[in-house]
Amino acid sequence: MEKVLEVKNLTKLYKNGRGVKDINFDVYKGDVFGFLGPNGAGKTTVMKSIVGLNMFERGEVKILGFDIKSKFEKALEKVGAIIETADAYEYMSAYNNLKIISRFYSNIKESDIDEILEMVDLKEFKNEKVSKFSLGMKQRLALASALLSNPELIILDEPTNGLDIEGTVQMRNLIIGLAREKQVTFFISSHLVHEIELMCSKVAIIHKGMLINKGEEIKNIKEKYASLEDFYMNEINKRRGESNE
Numbered sequence: 001m002e003k004v005l006e007v008k009n010l011t012k013l014y015k016n017g018r019g020v021k022d023i024n025f026d027v028y029k030g031d032v033f034g035f036l037g038p039n040g041a042g043k044t045t046v047m048k049s050i051v052g053l054n055m056f057e058r059g060e061v062k063i064l065g066f067d068i069k070s071k072f073e074k075a076l077e078k079v080g081a082i083i084e085t086a087d088a089y090e091y092m093s094a095y096n097n098l099k100i101i102s103r104f105y106s107n108i109k110e111s112d113i114d115e116i117l118e119m120v121d122l123k124e125f126k127n128e129k130v131s132k133f134s135l136g137m138k139q140r141l142a143l144a145s146a147l148l149s150n151p152e153l154i155i156l157d158e159p160t161n162g163l164d165i166e167g168t169v170q171m172r173n174l175i176i177g178l179a180r181e182k183q184v185t186f187f188i189s190s191h192l193v194h195e196i197e198l199m200c201s202k203v204a205i206i207h208k209g210m211l212i213n214k215g216e217e218i219k220n221i222k223e224k225y226a227s228l229e230d231f232y233m234n235e236i237n238k239r240r241g242e243s244n245e
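In the UniProt record's numbering, the protein residues as written are 1 to 245.
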């Protein structure tokens, strides 16, 4: 299977001692890879490091075989990412937001924008101002912006955070559908165990800046545990016990 994302010994430490240390995992084509951990565990630090928003002091990140330090533009060429916030020009329409973003890429036609808006179920609202959108609609617009470059890898930081049940289900189904039908690979962070269980095919768990596992099939975990939550709590409690010894 083709490796889309390779992370080896990634280490990024801040002056206050927090950060991440020796992070290792691989993401393969078509995976919906969940990156699970509590708030403050280091998920966003890892994501920022992957896309070059953080300078990490040790380790290696490759996207589609290209090292992000030596081949930055090639590495990020086929990547869409929404990290921390899903920003948009709220006084503009959904369509015009995407039209502005499309200028950063070559060969994106107006029909492509319409197709992507339809893909995320926003086409009928294309001319409405984003200020009138619900949070779920804004999240889907953010996903649309990440899809504009026809990426092979999409990185999403807490994509269902704050959404109501309907918005959560819509986002989940979009991600699963794009992975299955378009073979888009997703790397998704969340602190919501149940959502990762429903949405993702694999999961890596991070706790206090260190990985508990490197990325296991969720179906294999559930052969040993009643749920992903049981596995998660078992591993977290094990780490807490080790640190107290």
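We put the beta carbon where it would ideally sit given N, CA and C, even for glycine. Note that the structure is a prediction, hence the values are computed from the model and not measured.
Hey, could you find the ends of the alpha helix (DSSP H) Asp112 is sitting in?
Counting along the chain, the alpha helix (DSSP H) containing Asp112 begins and ends at 110-119.
Can you check which of these residues, Asp112, Glu90, Pro151, is closest to Met137 by C-alpha distance?
Considering only alpha carbons, the answer is Glu90.
Within 10 angstroms of its Cβ, does Ser131 collect 16 or more other Cβ (buried), or is it exposed?
Result: exposed.
Buried or exposed: Glu197, going by 16 or more other Cβ atoms within 10 Å of its Cβ?
Glu197 is buried by the Cβ-count criterion.
Measure the beta-carbon distance from Ala146 to Gly80 and round it to whole angstroms, keeping in mind my assumption that it falls under 8 Å.
With a Cβ gap of about 3 Å, Ala146 and Gly80 count as contacting.
Ala41 to Gly215, Cα distance in whole Å?
Rounded to the nearest angstrom, the two C-alpha atoms are 16 Å apart.
Where does Gly136 fall in DSSP's three states?
Gly136: helix per DSSP, three-state reduction.
Out of Met92, Thr185, Ala144, Lys109, state which residue places its alpha-carbon closest to the alpha-carbon of Ile116.
With distances taken between Cα atoms, Ile116 lies closest to Ala144.
I need the DSSP call for Asp26, collapsed to helix, strand or coil.
Note: Asp26 maps to strand in three-state DSSP.
Going by DSSP, name the residue or residues bridged to His207.
Answer is Met210, bridged to His207.
Counting Cβ pairs, one atom from each stretch, are 3 or more of them under 8 Å apart for the region 55-72 and the region 232-239?
With a cut-off of 8 Å, the region 232-239 and the region 55-72 do not count as touching, because too few Cβ pairs lie within range.
Distance check for Leu211 and Arg239, CA to CA, integer angstroms please.
Roughly 11 Å separates the two Cα atoms.
Tell me the start and end of each unbroken alpha helix (DSSP H) in the region 41-72 that is at least 4 residues and wholly inside, in chain order.
Taking only runs of at least 4 residues, the alpha helix (DSSP H) segments lying wholly in the region 41-72 are 43-50.
Starting from Val7, follow its DSSP beta bridges and name the residues at the other end.
Phe25, Val61, per the DSSP bridge assignment.
Can you name, in chain order, every residue of its own chain whose Cβ lies under 6 Å from the Cβ of Ile50, other than the five neighbours on each side?
Within the same chain, Ile50 has close Cβ partners Val61.
Are Val4 and Ile188 touching if we call contact CB-CB under 8 Å?
Not in contact: Val4 and Ile188 (Cβ atoms no closer than 8 Å).
Pull up the CB-CB distance for Lys109 and Ile83, whole angstroms please, since I reckon it's below 8 Å.
About 27 Å separates the two Cβ atoms, so there is no contact after all.
Leaving out the 5 sequence neighbours to the left and right, which residues in its chain are closer than 6 Å to Glu2 when beta-carbon positions are compared?
Correct list, in chain order: Lys29.
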